[in-house]
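Residue numbers for the sequence shown, in mature numbering (1 follows the signal peptide of the UniProt record, and there is no 0): -22 to -1, 1 to 187.
Yeah, the Cβ is synthetic: ideal placement off N, Cα and C, and Gly gets one too.
For clarity, every value in this text was computed on a predicted model and none was experimentally measured.
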Amino acid sequence: MRGLTLAVLLSAALVAPGVASAGAQVEEQISTSVRAGLALAVSDQAAPEGSFLSVGAKDAWLNAQSPRLAEWVPNQAEREKLLLTVHYEAVRAGLDPEMVLGLLYVESRFRKYAVSSAGARGYMQVMPFWNKVVDRPGDNLFHLRTNLRYGCSILRHYLDAENGDVFMALGRYNGSRGQREYPDLVLKAWKRYQLPARPSPVTQYASAE
């Protein structure tokens, strides 16, 4: 299996039938240093600005992605706020924003108040035990930026734990480490949001044999 390098990777309704969920995540024992790092990662709630190289780049990205989310988020202002926050939190965590959009599609179909049968919450289906892990019991996992901050930080943690292997990291995010169904769903969704000027994720990803 060939892992994707870090540099490249750099609903209140139940989740609809057929939508994969991170609700199968397992609460793992993690070191004190990793716990502290995650706590630091989710505590900085800076405004989601400055993740684009230029105003033109921001406008181009919004113009390309906004119509793709219109089916799921009809309100344009809400849609653009979501997109800007996704971009900021993904870049902040060293993730591809378009991959994160694919993950949101698979996890919640972009529904802010999505809830899985296991209790995973929000856009990125974050399990409530993460509040305890980072010692922030008051954090609202349905809050847009909070949910995305947690989700991106958790995925970054899994990528680091898997030495940059996106297949294994996505499996861990879903609680299905080593199985191909969930990572392949995210890959397919990632391609949906991949912009033409960027390389295809197909050339950057290898599923389990």
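The DSSP-derived three-state label of arginine 89 is coil. DSSP places alanine 38 inside the alpha helix (DSSP H), whose first and last residues are 33 to 47. Residue environment analysis places phenylalanine 88 among the buried positions, since at least 16 neighbouring C-beta atoms fall within 10 angstroms of its C-beta. Residue Met146 holds the alpha-carbon nearest to the alpha-carbon of arginine 158 among Trp168, Lys169, Met146. Taking every protein chain shown into account, the CB of leucine 173 has fewer than 16 other CB atoms within 10 angstroms, so this residue is exposed.
When beta bridges are read from the DSSP output, arginine 99 appears opposite Val93, Val104.
Alanine 167 places its beta carbon 8 Å or farther from that of glycine 100. Using a 10 angstroms sphere on the CB of serine 32, the tally of other CB atoms stays under 16, which defines it as exposed. Using a 10 angstroms sphere on the CB of serine 95, the tally of other CB atoms stays under 16, which defines it as exposed. The segment 28 to 48 makes no contact with the segment 111 to 124; the number of CB pairs closer than 8 Å stays below 3.
Of all alpha-carbon atoms in Val112, Phe120, Val51, the one lying nearest the alpha-carbon of alanine 17 is that of Val112.
Shown here, valine 112 sits in coil according to DSSP, grouped into three states, outside any helix or strand.
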